[in-house]
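So for the sequence shown, the UniProt record's numbering puts the first residue at 1; every next one is plus one. Here a beta-carbon is modelled for each residue, glycine too, at the ideal position from N, C-alpha and C. None of these values were measured; they are calculated from a predicted model. What follows is a set of notes on a single structure, which appears directly below.
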Amino acid sequence: MQYMEGEESNIYSHHSLSGLERLRAEKSLVCLLRGCQGFTTMVELRNENTVFGKLLNCDGFMNLTMSNVIYTKISGESHEFSELHILGKNIRYVHIPDELDIRKTIEKELKKIRRSRESGSQFGNRRRGTNLSGANKIEQLPAVK
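Structure representation (structure tokens):
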């Protein structure tokens with residue numbers, strides 16, 4: 001099956017974010033990177049190397065998973081990988097694809113984050129030890145004689 005640029009085409013695109021990841025993605029430009037999933041882009045690393053490939057996934061900590069990767073060292077030597085995971089702390093710069101509308105992408109991703117937060121609070125997203133069903137009253141036990 002062929003997929004178009006930007007189309008959600010793999011298991012990574014449905015990755016849900018944890019609460020901390022949602023918070024970080026909402027308060028930074030990680031939401032823009034999440035919108036780049038499915039597009040081919042270049043990532044510059046802090047060690048001066050570059051990675052070119054299709055962005056499969058970006059989590060709330062800016063860790064990236066890419067496919068069909070060409071990894072180019074500063075010396076010019078390049079290697080091809082079918083898939084590569086990059087830790088967010090090693091990223092210097094991510095080239096945003098020209099065909100991506102930055103404003104619309106950020107707005108769309110923020111809506112997704114807010115929607116997932118709202119749906120998570122409805123379905124058992126509780127703190128430990130709390131009971132949201134209203135049955136949190138302790139019944140009076142009869143005294144033992």
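Query                                                                                                                                                       : Result
CA-CA distance, Leu20 and Gly60?                                                                                                                            : 8 Å
To the nearest angstrom, report how far apart Lys108 and Asp101 are at their CA atoms.                                                                      : 11 Å
Identify the residues that DSSP records as bridge partners of Thr72: which are they?                                                                        : Thr50, Ser78
Mark Ile113 as exposed unless 16 or more other C-beta atoms lie within 10 angstroms of its C-beta, in which case mark it buried.                            : buried
By how many angstroms is the C-alpha of Lys89 removed from the C-alpha of Tyr71?                                                                            : 17 Å
Who pairs with His85 in a beta bridge, going by DSSP?                                                                                                       : Thr65
Suppose the cutoff is 6 Å on Cβ atoms and the five residues either side in sequence are ignored; what does the same chain contact list for Asn68 look like? : Gly53, Lys54
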